[in-house]
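Colleague: Pasting a structure here, questions to come.
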Amino acid sequence: MSDLFISYQSNDPLARSFQVQLQKWAQQEWEFPTISFHEQQPPVKFNGRQSGRLRREVHREIKQSHQLLIIISRGTWQSEWTDWEILMARKEDKQVLAAKLDSTNMMPLALMDSQPIWIDPFRPEDLVQRII
-15 MSDLFISYQS NDPLARSFQV QLQKWAQQEW EFPTISFHEQ QPPVKFNGRQ
35 SGRLRREVHR EIKQSHQLLI IISRGTWQSE WTDWEILMAR KEDKQVLAAK
85 LDSTNMMPLA LMDSQPIWID PFRPEDLVQR II
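If you want it as structure tokens, here you go:
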């Protein structure tokens, strides 16, 4: 179980470096939330034959987490997985957090309806303060 379930795109260099930074903060700061990550574009297609197992795993992780953080990269708005994660978080009554690594990145449609809490991705104290 983690405090914060994080959805990100590992093929985006900025998002990947942010993931590494989050892991460092989590190791260094005792107040920092426990975290787990999910790839927004996993190797399994959203409607593919093998997606059911991955959906169950991700749903279980979201259900066991306190909050969902969506890291918005260039391609996040096109990710069916990200929209689904947001819908699952809302279904499980989880708070959705969002962070744009670049102000020009478009947010996914499901995020518009979820009333996310926007955080500054470069301030670890923002994440610490936002954990329930």
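First residue of the sequence shown? That's -15 in the working numbering, and the numbers climb one at a time after it. Cβ atoms here follow ideal geometry from the backbone N, Cα and C, with glycine treated the same way.
Could you tell me which residues DSSP pairs with Ile54 in its beta bridges?
Modeller: Note: Ile54 sits in a beta bridge opposite Ser(-9), Ala82.
Colleague: Could you check the C-alpha separation between Arg58 and Asn(-5) for me, to the nearest Å?
Modeller: Using only the alpha carbons, I get a separation of about 10 Å.
Colleague: Could you spell out where the alpha helix (DSSP H) holding Phe2 opens and where it closes?
Modeller: Run containing Phe2: -3 to 12, per the alpha helix (DSSP H) assignment.
Colleague: How far does the alpha helix (DSSP H) with Ser35 in it reach, from first residue to last?
Modeller: Looking at the DSSP string, the run of the alpha helix (DSSP H) that includes Ser35 is 35 to 48.
Colleague: Return helix, strand or coil for Glu23, following the three-state DSSP convention.
Modeller: Three-state result, Glu23: strand.
Colleague: If you count every other CB in all the chains shown that lies within 10 Å of the CB of Trp102, and 16 or more means buried, which is it?
Modeller: Exposed.
Colleague: Starting from Ile70, trace the alpha helix (DSSP H) both ways and give me its first and last residue.
Modeller: Residues 64 to 75.
Colleague: How about Ser98 and Ser49: are their beta carbons less than 7 Å apart?
Modeller: No, Cβ-Cβ distance for Ser98 and Ser49 is not below 7 Å.
Colleague: Look at the Cβ atom of Pro105, then the Cβ atom of Leu81, and state whether they are nearer than 7 Å.
Modeller: Their beta carbons are not under 7 Å apart, which means Pro105 does not touch Leu81 by this criterion.
Colleague: What does a CB cutoff of less than 7 Å around Lys29 pick up in its chain, not counting 5 residues either side in sequence?
Modeller: The residues are Ser35.
Colleague: When the Cβ atoms of the stretch 65 to 75 are set against those of the stretch 37 to 46, are three or more pairs found closer than 8 Å?
Modeller: With the cut-off at 8 Å, the stretch 65 to 75 and the stretch 37 to 46 touch.
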